[in-house]
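**Student:** Just so we're aligned, residue 252 is where the sequence shown starts under the numbering used here, counting upward by one. Backbone N, C-alpha and C define an ideal beta-carbon position, used for all residues, glycine too. I am attaching a structure below and will ask some questions about it afterwards.
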Amino acid sequence: MKRSLVALTVVALAGCTTPLERRQASGGFDYLNEAAGIDLVVPAHLKTPRYSTEFEIPQISDEVDADVVGQRLDVRPPLQVLPLADGTRLQDGVDSITILIESNEDEVDLANEIQQTLTQFLAEREIAVASEDAGVIQTEWIESNEVIGRSWWREKVYQVRQRYQFDTAVKDHGRTGSITIELIDHEEGLDGIDDSVVLTDADRRRYAIDMLNSAVAYMNFERQKRRHLAELRDGRGFKAELGFDSSDNTAIVADGKFDAVWSRMGKVLPALGFTVRDYDKNLATYFVEYDGATGFWSSLWGGEDGLAIDDGSYQILLDKMGERTAIVLLDSDAKPLDTATMTALYNDFADVLRKEARQL
């Protein structure tokens, strides 16, 4: 019983670290008390030996806070801005934390989209807005509390409070905009605010990047949702022709971007008699089984006409080709079907790809 109690105590103590301590290097900081080395004194009649600078510790420049050493030195790797939403990219050559946003829908006003996305993102995170004016949004205090330890009579709580500012802008032509973020206030401490905790520029940048990445991820979700709803509403088909993919395999080339064609294949394949067993968008591949007794053509012609392939397992590979997407059928060994078979399949695939979503 004592062994169990000791083990639990050790685990509890191991977990009692503050967010400030998690930034620090493990081990002690006794090296800070070490005196500087003394230069070797060489008598005037002797030749000064050559010194190696391989292990020389560089001087701290004026641009770096000389106090950021020991416990105040953040050893975590830097965060990167992740412009993962459709139509977003990094702004090159600037020190500010900024992403550029391209308009990807003619009917959507980019300035309104950016503003509404940020407003909805903050509301989703239950972050109150302190002020909003001329494309500048400032948040109220965002508080987070973490219980890092308990005694018999109370909990030890580490508190972090922050405020952010989002600056948005859209160029006159309305096709390109930007979001810049800044951490404008920060407080933290154990059982109350500790005024001695001062963030470095690297700390502020890390927090700001983390918040911006969350906002961009939300924009990506909203843009994808809006695109999928438009596809369901419009249900436009794709024209297709016989051609080649980027590896010169005979392919059915659809006049549609990869994401749109990928989504449509979920309806096209069952209509042609394929059963989707699995899919992997990263591999751009559907894993399917073909049964000529099912599908769109079977329902029309009573099963007399099926595709020009045998029943069995196949893979459907989609290849991004800019504004178009190549569709290649692979056999169970992941080898592309020959040109004659792909040519025989073309008309059936092209007819179904052209159909509106409501017809499938």
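1) Using only CA atoms, which one of Phe-472, Gln-367, Ile-348, Tyr-565 lies nearest to Glu-433?
2) Which residue spans inside the stretch 515-596 form an unbroken alpha helix (DSSP H) run of at least 4?
3) Less than 7 Å separating the Cβ of Asp-584 from some heavy atom of the ligand SAH?
4) Pick out whichever of Asp-423, Ile-378, Leu-596 has its Cα sitting closest to the Cα of Leu-493.
5) Does the beta-carbon of Gly-425 have 16 or more other beta-carbons within 10 angstroms, so that it is buried, or is it exposed?
6) Taking DSSP as the reference, what is the three-state secondary structure of Ser-429?
7) Indicate whether Leu-523 and Val-603 have their beta-carbon atoms separated by less than 8 Å.
8) Would you call the stretch 385-399 in contact with the stretch 409-427, where contact means no fewer than 3 C-beta pairs closer than 8 Å?
9) Any idea which residues DSSP pairs Leu-341 with across the strands?
10) If I'm right that Asp-561 touches Ser-497 with Cβ under 8 Å, what's the distance once you round it to whole angstroms?
11) Can you have a look at Gly-488 and say buried or exposed, based on whether 16 or more other CB atoms are within 10 angstroms of its CB?
12) Check whether the stretch 294-307 touches the stretch 357-366, taking contact to mean three or more Cβ pairs, one atom from each stretch, closer than 8 Å.
13) Quick one: give me the first and last residue of the beta strand (DSSP E) that Leu-493 is part of.
14) Can you tell me which residues form a DSSP beta bridge with Asp-510?
15) Can you look up Glu-234 in the DSSP assignment and give me helix, strand or coil?
16) Sorted by chain position, which residues of the same chain lie with C-beta nearer than 8 Å to Gly-338's C-beta, five sequence neighbours on each side aside?
17) CB-CB under 7 Å to Gly-321, same chain, minus the five flanking residues each way: which ones, in chain order?
18) Taking only three categories from DSSP, how would you classify Gly-321?
19) Short of 7 Å in beta carbon distance, which residues of its chain neighbour Asn-500, apart from the five on each side in sequence? Order them along the chain.
20) Leaving out five residues before and five after Glu-574 in sequence, what residues of the same chain have Cβ atoms less than 7 Å from its Cβ?
21) On a Cα-Cα basis, can you pick out the residue from Ala-459, Ser-514, Val-519, Lys-476 that is closest to Ile-350?
22) Leaving aside the five residues before and after Ala-420 along the sequence, list all residues of the same chain whose C-beta is less than 7 Å from its C-beta, in chain order.
23) Is the beta carbon of Tyr-619 less than 8 Å from the beta carbon of Leu-558?
24) On the criterion of 16 or more Cβ atoms from any shown chain inside 10 Å, does Ala-502 qualify as buried, or is it exposed?
25) Alpha carbon to alpha carbon, how far is Glu-203 from Thr-368?
26) Which residue from Asp-325, Arg-456, Leu-333 puts its Cα closest to that of Gln-275?
27) Ends of the beta strand (DSSP E) at Gly-400?
28) Between the alpha carbons of Glu-555 and Arg-376, how many angstroms are there, rounded?
29) Assuming contact is defined by CB atoms lying nearer than 8 Å, are Asp-612 and Lys-490 in contact in what I supplied?
30) Alpha carbon to alpha carbon, how far is Ala-287 from Asp-446? Give it in angstroms, no decimals.
**Tutor:** A quick look at the data gives this:
1) Ile-348
2) Note on the stretch 515-596: whole alpha helix (DSSP H) runs with a minimum of 4 residues are 547-552, in chain order.
3) The ligand content of the structure shown is nil, which means the ligand SAH is not present either.
4) Leu-596
5) exposed
6) When DSSP states are grouped into helix, strand and coil, Ser-429 belongs to the strand group.
7) yes
8) yes
9) Per DSSP, the beta-bridge partners of Leu-341 are Ile-350.
10) So it is not a contact: roughly 27 Å between Cβ atoms.
11) buried
12) no
13) 491-495
14) DSSP lists no partner for Asp-510.
15) Because residue 234 is not part of the residues shown, which for the chain are 252 to 611, the question remains open.
16) Answer for Gly-338: Ile-352, Glu-353, Ser-354, Asn-355, Arg-474, listed in chain order.
17) Taken in chain order, the residues that qualify are Phe-280, Leu-283.
18) helix
19) Val-579, Pro-587
20) Lys-508
21) Ala-459
22) Gly-386, Gly-428, Ser-429
23) Lying before the first or after the last residue shown, residue 619 is absent from the chain, which here runs from 252 to 611.
24) buried
25) Since the displayed the chain opens at 252 and closes at 611, residue 203 lies outside it and no answer follows.
26) Asp-325
27) Its beta strand (DSSP E) spans residues 393-401.
28) For Glu-555, the predicted model reports a pLDDT of 48, less than 50, meaning its position is unreliable and no value from the coordinates is stated.
29) Outside the displayed range of the chain (252 to 611) lies residue 612, so it cannot be described from this structure.
30) 31 Å
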